[in-house]
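These notes concern the structure reproduced below.
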Amino acid sequence: MLTGILAMVGGVAIAPIARAMQAGMDPGYTVEKPYMTDDQRKLTAAVSERIIPTTDTPGAIAAGVPAFIEMMLSEWYWQDERDLVMGGLTAINAFAQTTYGKPFAGATPVQQDAILTLAMDKQLTGAPADAFEHLRQMVIFGYYSSEIGCTIERVYLPVPGRYDGAYPYADVNRVFSS
Numbered sequence: 001m002l003t004g005i006l007a008m009v010g011g012v013a014i015a016p017i018a019r020a021m022q023a024g025m026d027p028g029y030t031v032e033k034p035y036m037t038d039d040q041r042k043l044t045a046a047v048s049e050r051i052i053p054t055t056d057t058p059g060a061i062a063a064g065v066p067a068f069i070e071m072m073l074s075e076w077y078w079q080d081e082r083d084l085v086m087g088g089l090t091a092i093n094a095f096a097q098t099t100y101g102k103p104f105a106g107a108t109p110v111q112q113d114a115i116l117t118l119a120m121d122k123q124l125t126g127a128p129a130d131a132f133e134h135l136r137q138m139v140i141f142g143y144y145s146s147e148i149g150c151t152i153e154r155v156y157l158p159v160p161g162r163y164d165g166a167y168p169y170a171d172v173n174r175v176f177s178s
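Each residue of the sequence shown is one higher than the one before, starting from 1 at the first, in the UniProt record's numbering.
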């Protein structure tokens, strides 16, 4: 399963995710040492839900991704890495406040997407260059290692049957895990 997740994030995990995986991190997303304020949690939830929104399957919030991100920052990120991610979140919120007169969580989906596009393109004023990539990878990893990501989004097959590496994707339109 984890190699499948790595393929989804581009084949290379950022260092904190790699450390957590190597140490056998419990994917239960229990935040033992709270790290964020309530406003930071709302911001993280809003960013996560725009990266993996609720569609015909549950989104990042339903999968517990915001708690996963807080757990990763609290337990697996070094201070300079935390500063990078939190600097990115602060810049996202500041841009929303300056541009739209409201925090990112209160912006419309179109406004949120515009801000995240700037962050993704490394054009968001005040945001550390790699901050969005860290956030994006944590959202993807957190989502696809959650029960929702493994069993609903990826259609979990406990006994997948025979392997057919040439099966046309268009016939299923889903990614399976086992």
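Note that CB positions come from ideal geometry on N, CA and C, so glycine has one too.
Please state the DSSP three-state secondary structure of residue i.
{"i": "Gln123", "result": "coil"}
{"i": "Lys33", "result": "coil"}
{"i": "Ser146", "result": "coil"}
{"i": "residue 180", "result": "With the chain covering only 1 through 178, there is no way to say anything about residue 180."}
{"i": "Arg19", "result": "helix"}
{"i": "Thr44", "result": "helix"}
Figure out for me which residue from the options has the closest Cα to the Cα of residue i.
{"i": "residue 191", "options": "Tyr35, Lys33, Tyr169, Arg41", "result": "Absent from the structure is residue 191, since the part of the chain shown begins at 1 and ends at 178."}
{"i": "Arg136", "options": "Ala62, Ile69, Thr37, Asp38", "result": "Ile69"}
{"i": "Ala18", "options": "Gly149, Ile51, Ala127, Gly142", "result": "Gly142"}
{"i": "Ser146", "options": "Tyr100, Pro58, Arg174", "result": "Pro58"}
{"i": "Leu84", "options": "Thr99, Ala119, Ala170", "result": "Ala119"}
{"i": "Phe95", "options": "Asp121, Ala127, Ala67", "result": "Ala127"}
{"i": "Leu73", "options": "Ala62, Met86, Ala91", "result": "Met86"}
Drop a sphere of 10 angstroms on the beta-carbon of residue i, count the other beta-carbons inside from all chains shown, and report buried for 16 or more, exposed for fewer.
{"i": "Arg154", "result": "buried"}
{"i": "Glu133", "result": "buried"}
{"i": "Trp78", "result": "exposed"}
{"i": "Gln123", "result": "exposed"}
{"i": "Pro16", "result": "buried"}
{"i": "Ala170", "result": "exposed"}
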